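Peer 1: Before we start, here is the structure in question, set down as structure tokens.
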Amino acid sequence: MAASSDIHPFDPDRLRDLLVATAGGDAGAFEQLYQSTSGKLFGICLRIVQQRSDAEDVLQDVYVTIWRKAAQFDAARASAITWLAMMARNKAIDRLRAGSVERHSAPIDLAEDLHDPNASTLALAETNETNRRLDACLGELEAQRRNLIRIAFFEGATYEELAARCGAPLGTVKSWVRRGLLRLKACLER
Amino acid sequence: MNTPVGPTQPGAPDPNDVAAEYVLGVLDAATRRAEQERLLRDPMFSREVAEWEARLTPLIDEIVPVPVPHALWPRICAAAGIGPPLDRTAPDLRARPRPGMWQSAPFWRWLSAGAFAAVAASLFALFVLPQVAPPPPQVAPLVAKMVQDEGKALFLATVDVRRGIMVVQPTTVEIPQGRVPELWLIPPGDTPHSLGLLDPSRANAIVVPRELIAALAPRAVVAVTVEPPGGAPGGKPSGPIIAKGEISLL
């Protein structure tokens, strides 16, 4: 588990219970859910939309949607943290695509190894098997594919933006990412 | 549009391609919208998207939480049609500090009155203000003065070990444009653990992760580095230390 300003935020059972209670209209559970997860979801939004005021608007939209649509959470289909994190990512990316936010995009150096095997130093003890497997499978990819996938995930960058930032042709970038994703899936399913 | 590349079975386009691209976030606005509409009517596609979301979720671990402005919760409550937070008596299973106090503007104005006032106020808030539960056993308060190389104090920290709360009061801190200050806890002989980003313009109440509470002890070091927006990449300090200090008993 990464560093966190929240008390044990990602205890999956607790998050699931809070989300289910929120679906039932329990405002106290919703507030606890907010206390436990808002720092992380804000971090997710900020990486994508970058401007604090935009990220705050997105985060507000995220939690209002959680309050209204918590009943759509299906514990059999997704973990609570996946549901919450992906909602934050999706809303942040939608906002980015709407073109209303300003963003600073640094050039990408594909040769640089962005993969940090010690990224989860803070919580190695808690890093579970799923995390280790994704880490290992990303590690098997060629550096440029891995880097593009990581940047796309964290920043919500389009193919066009990735191509411009790393100075490679669009078709090449698409091919790297797609092949990287296929390899990743195959590795995870091994 | 996106032509699938590298189908897993010859001749059969792998629909996972688009689901993966959608989840990764690389699709342009028009394609993304089209796929979002497809999500509503194509259960198979929707399942593939859910599978990719689960596959990539572990990456979220690397994102450092960022303290959310206190004003946001009341805004969310208003937009969601929930009564204002101070009017509710939400039973708090974790015995966390009442949000009312931490979000109260007068409290923060009072706390910001000055460095000494800040420490006094924090101590008062942490140990004297009545809590919902009966008064807890007294624990000696811990403090840390984080200083620059030249010895000037930039941040003052007060620690409530029992609740796992650290109040960090900046003095006059200059943060380079486009950078943010990040707080670290470094137990003796250990690597830095991020406690999140700081707002240099006001006092910050940091909820220390449960697994680090035991490390809040004399001789542990707290430090502030300047990092890119969103926090140190990979959860490890990347920027220079602008202030540090050792935790000690008050």
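Here the protein sequences come in this chain order: B and A.
Using this note's numbering, you'd call the opening residue of the first sequence number 1 and step up by one each time.
Using this note's numbering, you'd call the opening residue of the second sequence number 1001 and step up by one each time.
Cβ coordinates follow ideal geometry from the N, Cα and C atoms, glycine included.
Predicted model, so just to flag it, every value in this text is computed and none were measured.
1) When we look at the beta-carbon of M1044 (chain A) and count the other beta-carbons within 10 Å, is it buried (16 or more) or exposed?
2) For chain B, check one thing: does any of its Cβ atoms lie closer than 8 Å to the Cβ of A1144 (chain A)?
3) Answer with buried or exposed for P12 (chain B), where buried requires no fewer than 16 other C-beta atoms within 10 angstroms of its C-beta.
4) State buried or exposed for K1145 (chain A), treating a residue as buried only when at least 16 other CB atoms are found within 10 Å of its CB.
5) Rounding to the nearest angstrom, what Cα-Cα distance links L194 (chain B) and I93 (chain B) in this structure?
6) Would you check if the distance between the CB atom of F42 (chain B) and the CB atom of A55 (chain B) is smaller than 8 Å?
7) Could you check if R1041 (chain A) is buried or exposed, using at least 16 other CB atoms within 10 Å of its CB as the buried criterion?
8) Note down, in chain order, every chain B residue with its Cβ under 8 Å from the Cβ of T1225 (chain A).
9) What residue from A:I1060, A:G1081, A:T1191 and A:H1070 has the CA that sits closest to A88 (chain B)'s CA?
10) Going by beta-carbon coordinates alone, are V1159 (chain A) and L1216 (chain A) separated by less than 8 Å?
11) Helix, strand or coil for F153 (chain B)? Go by DSSP, reduced to three states.
12) For my contact list, L138 (chain B) and V1066 (chain A) are in at a C-beta cut-off of 8 Å; report their separation, rounded to the angstrom.
13) Could you tell me whether the segment 1072-1084 of chain A touches the segment 1211-1227 of chain A, using the rule of 3 or more Cβ pairs below 8 Å?
14) Would you please verify whether the beta carbon of Q144 (chain B) is less than 8 Å from any beta carbon of chain A?
15) Compute the minimum distance between the beta carbon of F73 (chain B) and the heavy atoms of the ligand SAM, and state whether it is under 7 Å.
16) Could you tell me whether the segment 47-66 of chain B touches the segment 159-173 of chain B, where touching means 3 or more Cβ pairs closer than 8 Å?
17) Can you check DSSP and say which residues form a bridge with F1155 (chain A)?
18) Could you pull out every residue in the same chain whose Cβ sits closer than 6 Å to the Cβ of L19 (chain B), ignoring the five residues on either side in sequence?
19) Please determine if the segment 20-27 of chain B and the segment 1023-1042 of chain A are in contact, where contact requires at least 3 C-beta pairs separated by less than 8 Å.
20) Quick one: list the residues of chain B neighbouring G1230 (chain A), beta-carbon separation under 7 Å, in chain order.
21) So which residues on chain A does A136 (chain B) lean against when the C-beta distance must stay under 7 Å?
22) What is the DSSP secondary structure of E1246 (chain A), reduced to helix, strand or coil?
23) Using a beta-carbon distance below 8 Å, is T172 (chain B) in contact with chain A?
24) Which residues in the same chain have their Cβ closer than 6 Å to the Cβ of H1193 (chain A), if we skip the five residues on either side of it in sequence?
25) Just verifying my parser: in three-state terms, what is the DSSP assignment at E129 (chain B)?
26) Where does the unbroken alpha helix (DSSP H) through T82 (chain B) begin, and where does it stop?
27) Please confirm whether V1173 (chain A) and L1154 (chain A) have their CB atoms less than 8 Å apart.
28) If the cut-off is 9 Å on Cβ atoms, which residues from the segment 150-163 of chain B count as contacting chain A, listed in chain order?
29) What does DSSP give as the partner residues of P1228 (chain A) in its beta bridges?
30) Looking only at its chain, what residues have a beta carbon closer than 7 Å to the beta carbon of V62 (chain B), apart from the 5 residues adjacent to it on each side?
31) Compare the C-beta of V1147 (chain A) with all C-beta atoms of chain B and state if any pair is closer than 8 Å.
32) Return the chain-ordered list of same chain residues with a C-beta closer than 6 Å to the C-beta of Q32 (chain B), the five sequence neighbours on each side being excluded.
33) Is the CB of E140 (chain B) under 8 Å away from at least one CB in chain A?
34) Spell out whether any CB of chain B is found under 8 Å from the CB atom of T1171 (chain A).
Peer 2: Reading it off the structure:
1) Along the second sequence, one-based indexing puts residue 1044 (chain A) at 44. The residue in question, M1044 (chain A), is exposed, as its Cβ has fewer than 16 Cβ neighbours within 10 Å.
2) Reading the second sequence from its first residue, position 144 is the one you call residue 1144 (chain A). With 8 Å as the cut-off, A1144 (chain A) does not count as an interface residue toward chain B.
3) Walking along the first sequence from the start, residue 12 (chain B) turns up at place 12. Residue environment analysis places P12 (chain B) among the exposed positions, since fewer than 16 neighbouring C-beta atoms fall within 10 angstroms of its C-beta.
4) In the second sequence, the residue the question calls residue 1145 (chain A) occupies position 145. For K1145 (chain A), the number of other beta carbons within 10 angstroms of its own is at least 16, and it is reported as buried.
5) Look at the range of chain B in this structure, 1 to 190, and you will see that residue 194 (chain B) is not part of it.
6) On the first sequence, position 42 is the one that residue 42 (chain B) refers to. On the first sequence, position 55 is the one that residue 55 (chain B) refers to. Going by C-beta atoms, F42 (chain B) is nearer than 8 Å to A55 (chain B).
7) For the purposes of this step, residue 1041 (chain A) is taken as the residue at position 41 of the second sequence. Counting the other Cβ atoms within 10 Å of the Cβ of R1041 (chain A) gives fewer than 16, which makes it exposed.
8) As a first step, residue 1225 (chain A) is located in the second sequence; it is residue number 225 there, counting from the start. What T1225 (chain A) touches in chain B: nothing, since even the nearest Cβ is about 13 Å away.
9) Translated into positions along the first sequence, residue 88 (chain B) becomes position 88. Taking only the C-alpha atoms, the option nearest A88 (chain B) is A:I1060.
10) As a first step, residue 1159 (chain A) must be located in the second sequence, where it is residue number 159. As a first step, residue 1216 (chain A) must be located in the second sequence, where it is residue number 216. For V1159 (chain A) and L1216 (chain A), yes; Cβs fall inside 8 Å.
11) In the first sequence, residue 153 (chain B) corresponds to position 153, counting from 1. DSSP places F153 (chain B) in helix when its eight states are reduced to three.
12) The sequence position of residue 138 (chain B) within the first sequence is 138, counting from 1. The sequence position of residue 1066 (chain A) within the second sequence is 66, counting from 1. Contact doesn't hold; Cβ gap of about 24 Å is too wide.
13) Touching, no, given that fewer than three Cβ pairs across the two stretches are closer than 8 Å.
14) What you label residue 144 (chain B) is simply residue 144 of the first sequence in a count that begins at 1. By this cut-off, Q144 (chain B) is not an interface position.
15) Among the components modelled here there is no ligand, and therefore nothing to report on the ligand SAM.
16) The segment 47-66 of chain B is not in contact with the segment 159-173 of chain B.
17) The residue labelled residue 1155 (chain A) in the question sits at position 155 within the second sequence. Answer by DSSP bridge pairing, in chain order: A:M1146 and A:P1170.
18) Position 19 of the first sequence, counted from the start, is the residue given in the question as residue 19 (chain B). The answer, listed in chain order, is A70, F73 and A80.
19) Result no; under three Cβ-Cβ pairs closer than 8 Å.
20) Translated into the one-based positions of the second sequence, residue 1230 (chain A) becomes position 230. For a Cβ distance threshold of 7 Å, residue set G43, L46 and R47 of chain B lies close to G1230 (chain A), ordered along the chain.
21) Taking the first residue of the first sequence as 1, we reach residue 136 (chain B) at position 136. What A136 (chain B) touches in chain A: nothing, since even the nearest Cβ is about 11 Å away.
22) Position 246 of the second sequence, counting from 1, holds the residue named residue 1246 (chain A). In the structure shown, E1246 (chain A) sits in a strand (DSSP, three-state: E or B).
23) Residue 172 (chain B) sits at position 172 when you count from the first residue of the first sequence. For T172 (chain B), the answer is no, since every Cβ of chain A falls outside 8 Å of its Cβ.
24) Position 193 of the second sequence, counted from the start, is the residue given in the question as residue 1193 (chain A). L1185 and L1212.
25) Locating residue 129 (chain B) in the first sequence gives position 129, counting from the first residue. Looking at E129 (chain B) - three-state DSSP - the assignment turns out to be helix.
26) Start at 1 with the first residue of the first sequence, and residue 82 (chain B) comes out as number 82. First-last of the alpha helix (DSSP H) with T82 (chain B): A80 to R97.
27) Position 173 of the second sequence, counting from 1, holds the residue named residue 1173 (chain A). Position 154 of the second sequence, counting from 1, holds the residue named residue 1154 (chain A). In this structure, V1173 (chain A) sits near L1154 (chain A), with a CB-CB distance shorter than 8 Å.
28) The segment 150-163 of chain B vs chain A, Cβ under 9 Å: R150, A152, F153, F154, E155, G156, A157, T158, Y159, E160, E161 and L162.
29) On the second sequence, residue 1228 (chain A) is found 228 positions in, with the first residue counted as 1. Listed as beta-bridge partners of P1228 (chain A) by DSSP are no residues whatsoever.
30) Within the first sequence, numbered from 1, the residue matching residue 62 (chain B) stands at position 62. Taken in chain order, the residues that qualify are L41, M87, A88 and K91.
31) Counting from one through the second sequence, the residue named residue 1147 (chain A) turns up at place 147. So no, V1147 (chain A) is outside the interface.
32) Numbered from its first residue, the first sequence carries residue 32 (chain B) at position 32. The beta carbon of Q32 (chain B) sits closer than 6 Å to those of L18, all from its chain and outside the five residues before and after it, given in chain order.
33) In the first sequence, residue 140 (chain B) corresponds to position 140, counting from 1. Judged by the 8 Å Cβ criterion, E140 (chain B) is not in contact with chain A.
34) Translated into positions along the second sequence, residue 1171 (chain A) becomes position 171. Not an interface residue.
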